[in-house]
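These notes are about the structure you will find just below.
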């Protein structure tokens with residue numbers, strides 16, 4: 003059996019749902035039939051294909067031009083399959099991998115050869131291929147209409163949950179859906195979630211597996227799908243925040259998110275934000291790791307689109323400068339924000355669009371790599387409540403890329 007990719011190399015066009023099915027192909031075929039004569043054939047679907055509905059294929063006669071190629075017959079059969087399954091109540095698509103004359107089932111036909119070379123009137127051609135649900139014809143949702151998702155990383159004690167509690171307490175403008183790791187140093191204050199009149203959080207999903215990084219393909223995807231389902235039922239969500247475990251390497255999380263079409267149809271990865279403990283970050287970066295493993299602190303800094311350098315009140319000016327310079331050795335482009343007790347403007351966490359390639363043409367990457375005023379001036383401690391307005395860039399890596407990007 004010739005695989006479908008070989009058929010593509012030999013001249014296969016796009017699947018029927020991409021090219022518009024029979025109606026858009028009929029004109030050229032009609033001309034060919036009028037000019038060269040026709041031949042009547044029937045189709046036989048290989049019984050090993052899992053077809054969920056009954057198709058009376060022997061009742062269908064394919065009248066095709068003798069000069070048509072086998073690849074055209076494949077497409078005609080695929081169009082018929084779609085129409086027949088749709089009429090039966092369950093629209094399916096067939097991607098034919100191989101076609102043959104049933105009189106000689108051992109010979110797979112070359113898609114680029116003419117039908118007249120292999121068939122006489124009244125014969126039957128067999129087909130085998132992949133059966134799948136018909137793809138939706140709805141246009142994809144524009145990126146700006148998708149719900150943004152921010153991944154918040156950082157070691158235990160860096161202040162991630164403190165930041166989330168601050169967001170829930172202080173802001174009233176946006177509704178957040180939060181996926182929280184249960185084994186953080188502290189939990190999101192349950193009392194805050196009961197203050198429904200504040201409408202601070204639309205939904206909080208507490209992960210019970212302890213390690214989002216290890217079970218990302220199951221629990222996180224399920225949690226995000228639950229949020230998507232609630233949105234489709236009428237819930238209003240402006241932003242999703244995912245708090246990871248302290249030891250989580252963000253790369254597998256980003257990779258899994260971007261490789262799930264059912265998620266990215268409604269959600270867009272907005273940014274990876276790293277929360278760093280100003281006092282202990284360098285020690286974390288210098289930790290020795292086992293051979294074959296990665297330093298999670300290094301990964302969190304290297305792949306961050308924005309870095310919050312928290313607990314500045316615990317170090318002096320010179321130490322703050324050293325920490326900032328160490329960050330720049332790893333990541334030259336992520337904006338660094340100074341903070342105390344995780345207090346930053348909520349606007350610094352939303353609509354960053356760091357993974358939106360269309361947004362880069364509007365962004366000043368050098369400006370986006372700026373350092374907050376506290377760090378630039380060497381002040382270690384008045385917090386960061388004033389902020390810097392809306393920033394949108396990040397360091398410009400592609401959303402599907404998991405390479406190091408040269409930060410290290």
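Residue numbers (our numbering): 3 to 410.
Built from N, CA and C at the ideal position, the CB exists for glycine as well.
As computed with DSSP, residue 40 is found in a beta bridge with 67.
A Cβ-Cβ contact shorter than 8 Å links residue 153 with residue 255. Straight across, the Cα-Cα distance linking residue 75 with residue 91 is about 24 Å. In this structure, the beta-carbon distance from residue 156 to residue 278 falls below 8 Å. Residue 285 carries a helical assignment under DSSP once its states are collapsed to helix, strand and coil. Nearest to residue 320 by C-alpha distance, out of 281, 357, 341, is 281. The closest CA to that of residue 332, considering only 341, 297, 134, 178, is found on 297. Counting along the chain, no alpha helix (DSSP H) covers residue 147, and no H or E run does either. Between the stretch 38-58 and the stretch 109-127, the count of Cβ pairs shorter than 8 Å is three or higher; the stretches touch.
Residue 132 counts as exposed, since fewer than 16 other beta carbons sit within 10 angstroms of its beta carbon. Non-local C-beta neighbours of residue 236 in its own chain, meaning closer than 8 Å and more than five positions away in sequence, are absent. Counted as a single uninterrupted DSSP element, the beta strand (DSSP E) harbouring residue 337 occupies residues 337-340.
Assignment of beta-bridge partners to residue 312 by DSSP yields 279. DSSP places residue 290 in the coil class of the three-state scheme, outside both helix and strand.
If you keep only unbroken beta strand (DSSP E) runs of at least 3 residues inside the stretch 105-140, you get 126-135. By the neighbour-count definition (other C-beta atoms within 10 Å, threshold 16), residue 107 is an exposed residue. Counting along the chain, residue 51 sits inside no alpha helix (DSSP H), nor does DSSP assign it H or E at all. Three or more Cβ pairs drawn from the stretch 308-318 and the stretch 338-357 lie within less than 8 Å of each other, which places the two stretches in contact. When the Cα atoms are used, residue 118 and residue 94 turn out to be separated by approximately 29 Å. For residue 101, the enclosing beta strand (DSSP E) covers residues 94-103.
With respect to residue 222, residue 242 sits apart: the two C-beta atoms are not nearer than 8 Å. Cβ-Cβ separation between residue 273 and residue 240: approximately 15 Å, too far for a contact (criterion under 8 Å). Counted as a single uninterrupted DSSP element, the alpha helix (DSSP H) harbouring residue 321 occupies residues 319-332. Of all alpha-carbon atoms in 263, 78, 234, the one lying nearest the alpha-carbon of residue 137 is that of 263. The residues 95, in chain order, have a CB closer than 6 Å to that of residue 134 in the same chain once the five nearest residues on each side in sequence are set aside.
Bridge pairing for residue 347: absent [DSSP].
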